[in-house]
Ligand code: 13P
Ligand code: SF4
């Protein structure tokens, strides 16, 4: 497919690598190494389209965790961000889990350091801790159940009247509080740098130009965007909606990588990326997700590094709330 539509400047080019290979050679090398290593490539919708096209499975955070939980491969190559690869490792301690770029982090995970979180939780000793999967293994280990954007409402509802703290995304927390009718939900005040950046004013301008368009938004967006959304869902939920809706035009308020699979699922429909505040930046692309490149994917398969590891005492504690989520999501 053509390059993804982006707003403003493209992200900086990947650093010059030691490899002197054409994209075709890289792709062929990745396919060959994948077979030699008995590896599976799992990719999130926010990855570059070339990476999505080479992956064995592309999905949202929940689907990727489910795929990681049942893979028979010896090596999991996680094309996403660190907390996703970490979750795969927690589920598969005996497998090798590699990520093309170990520095691919997440503003939500980074904004919720475990020591601070542990101290904060002391204020709520009688609360259940529901943590969004976008957090570190250490934060997961302090949680009762993990959720993703596709099951957060269901999981909070399933906890009945129990008092709940929700971390680390305050916008998802506010959305869940509303949907589950839990105004008492206590939320950690983290945000996603990508979804925080969409502009309500510019969105209204776009809607004025495309009055028949529907706004579809990820629940990590702030209320200024969500209040105009016709549909709010996880990445896979948004793709599904664009495919099934009789509407022709959608303004898509989430990371622009989603447009690749969304366009394949809804051919002929018009997909317009929601605009960020700053016209001159490519802020609708996650700088962490975009650290992964085809070259780095090739290298991590060739060298089996960088590997993602989780200390065993953290892993066993983090596993329980992840397993609880998987059980509650069938
Ligand atoms: P989902 O994949 O659950 O839609 O969440 C997107 C996300 O935040 C990835 O960073
Ligand atoms: Fe984290 Fe936001 Fe990037 Fe997702 S898009 S990985 S939530 S920074």
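Numbering (the working numbering), first residue to last: 43 to 372.
Here a beta-carbon is modelled for each residue, glycine too, at the ideal position from N, C-alpha and C.
According to DSSP, is residue i helix, strand or coil?
| i | result |
| --- | --- |
| residue 313 | strand |
| residue 123 | coil |
| residue 173 | strand |
| residue 77 | helix |
| residue 355 | helix |
| residue 363 | helix |
| residue 295 | strand |
| residue 271 | coil |
| residue 113 | coil |
| residue 138 | strand |
| residue 228 | strand |
| residue 350 | coil |
| residue 201 | coil |
| residue 343 | helix |
| residue 187 | strand |
| residue 147 | coil |
Given residue i, which residues of its chain have a CB within under 8 Å of its CB, disregarding the five upstream and five downstream residues?
| i | result |
| --- | --- |
| residue 138 | 116, 117, 118, 346 and 349 |
| residue 146 | 122, 123, 124, 330, 331, 333 and 334 |
| residue 253 | none |
| residue 303 | 87, 94, 100 and 281 |
| residue 63 | 71, 337 and 340 |
| residue 368 | 107, 108 and 111 |
| residue 78 | none |
| residue 58 | Per-residue confidence for residue 58 stands at a pLDDT of 46, beneath the threshold of 50, marking its modelled position as unreliable; the derived number appears in the next sentence. Nothing meets the Cβ criterion. |
Out of curiosity, what's the CA-to-CA distance linking residue i and residue j?
| i | j | result |
| --- | --- | --- |
| residue 246 | residue 168 | 43 Å |
| residue 322 | residue 87 | 24 Å |
| residue 270 | residue 224 | 22 Å |
| residue 83 | residue 307 | 21 Å |
| residue 235 | residue 76 | 33 Å |
| residue 313 | residue 301 | 7 Å |
| residue 256 | residue 135 | 43 Å |
| residue 342 | residue 299 | 22 Å |
| residue 228 | residue 265 | 17 Å |
| residue 148 | residue 196 | 24 Å |
| residue 279 | residue 232 | 23 Å |
| residue 61 | residue 120 | 21 Å |
| residue 261 | residue 277 | 10 Å |
| residue 320 | residue 326 | 10 Å |
| residue 259 | residue 68 | 34 Å |
| residue 92 | residue 74 | 16 Å |
| residue 218 | residue 96 | 34 Å |
| residue 311 | residue 156 | 43 Å |
Using 10 angstroms around the beta-carbon of residue i, count the other beta-carbons present and answer buried if the total reaches 16, otherwise exposed.
| i | result |
| --- | --- |
| residue 250 | exposed |
| residue 355 | exposed |
| residue 210 | buried |
| residue 105 | buried |
| residue 190 | buried |
| residue 65 | exposed |
| residue 243 | exposed |
| residue 275 | buried |
| residue 80 | exposed |
| residue 107 | buried |
| residue 215 | buried |
| residue 305 | buried |
| residue 372 | exposed |
| residue 160 | exposed |
| residue 226 | exposed |
| residue 142 | buried |
Can you list, in chain order, the residues of its chain with a C-beta nearer than 6 Å to that of residue i? Leave out the 5 residues immediately preceding and following it.
| i | result |
| --- | --- |
| residue 359 | 183 |
| residue 71 | 340 |
| residue 98 | 82 and 83 |
| residue 289 | 256 |
| residue 204 | 170 |
| residue 293 | 248, 255, 257, 314 and 316 |
| residue 297 | 88, 236 and 328 |
Less than 8 Å between the CB atoms is what I'm expecting for residue i and residue j, so what's the real figure, rounded?
| i | j | result |
| --- | --- | --- |
| residue 220 | residue 201 | The pair is not a contact, with the Cβ atoms about 16 Å apart (cut-off 8 Å). |
| residue 154 | residue 181 | 6 Å |
| residue 150 | residue 174 | 7 Å |
| residue 158 | residue 207 | Residue 158 to residue 207, Cβ: 13 Å. No contact. |
When every heavy atom of the ligand ATP is checked, does at least one fall within less than 6 Å of the C-beta of residue i?
| i | result |
| --- | --- |
| residue 190 | Of the ligands this structure carries, namely the ligand 13P and the ligand SF4, none is the ligand ATP. |
Report all residues from its chain with a CB closer than 7 Å to the CB of residue i; omit the five preceding and five following residues, and keep chain order.
| i | result |
| --- | --- |
| residue 132 | 179, 352, 357, 360, 361 and 364 |
| residue 263 | 213, 237, 240 and 295 |
| residue 109 | 84, 99 and 101 |
| residue 126 | 86, 103, 106 and 120 |
| residue 222 | 195, 198 and 199 |
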